[in-house]
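Below is one structure, written out as structure tokens; the observations come after it.
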Amino acid sequence: MTMTRPNAIGARGYSETMPCEPTSASCARRLVRAALNAWGLGHLIDDGTLIISELVGNAARHSGCRLLRVSVRLPDRDRVRLAVTDKSRQPPTVQAPCCDDESGRGLVLVEAMSDRWGTEYRTWGKIVWAELGS
105 MTMTRPNAIG
115 ARGYSETMPC
125 EPTSASCARR
135 LVRAALNAWG
145 LGHLIDDGTL
155 IISELVGNAA
165 RHSGCRLLRV
175 SVRLPDRDRV
185 RLAVTDKSRQ
195 PPTVQAPCCD
205 DESGRGLVLV
215 EAMSDRWGTE
225 YRTWGKIVWA
235 ELGS
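Whatever position you read off the sequence shown (first residue = 1), add 104 for my numbering.
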């Protein structure tokens, strides 16, 4: 597996391209953890790493893409935006899983744990993002 290095995207953000597969969630968590620690927002690590894991997992299961891009930005001093970009235009769908279902809770968790979340569509694909306030 080819690993890329995280890239600074301006003074207040980091991004990394990785394979669109479930195992990339651990790399995405490391990126989120490093960025939040660098910004002194360690108290958001638990929620941030869970959210990014769910966004990466959702892209890996449903997009059919070869690569995805994870980004962590600090748009405001007290707001973090986590995002996963892929080349699929298929919208993410929040499901209502039964209590014994083993999957289908990802976006339910993202919705519950983030201050807000959404999808931005581009001609080439989409960006699914979630924001956390400090």
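For glycine and all other residues, C-beta sits at the position ideal for the given N, C-alpha and C.
(message) Counting C-beta neighbours from all protein chains within 10 Å, is the total for P126 16 or more, i.e. buried, or is it exposed?
(response) So P126 counts as exposed.
(message) As an exercise, report each continuous alpha helix (DSSP H) stretch of at least 4 residues that is fully enclosed by the segment 149-179, in chain order.
(response) Taking only runs of at least 4 residues, the alpha helix (DSSP H) segments lying wholly in the segment 149-179 are 149-166.
(message) Tell me the rounded alpha-carbon separation between S119 and L186.
(response) Here the alpha carbons of L186 and S119 stand approximately 10 Å from one another.
(request) Within 10 angstroms of the Cβ of A163, are there 16 or more other Cβ atoms? Answer buried if so, exposed if not. (result) Classification of A163: buried, given that the 10 Å Cβ count is 16 or more.
(request) Assess, as a yes-or-no matter, whether the segment 155-173 is touched by the segment 226-236 under the definition of 3 or more beta carbon pairs within less than 8 Å. (result) Short answer: they touch.
(message) Here's a check: name, in chain order, each residue in its chain whose Cβ is nearer than 6 Å to the Cβ of A234, leaving out the five neighbours to either side.
(response) Leaving aside the five residues that flank A234 on each side, the residues in its chain whose CB is nearer than 6 Å to its CB run, in chain order, I155, L186, V214, S218, W221.
(request) Work out the CA separation of A139 and C131 for me, nearest whole Å. (result) Take the alpha-carbon of C131 and the one of A139: they are about 12 Å apart.
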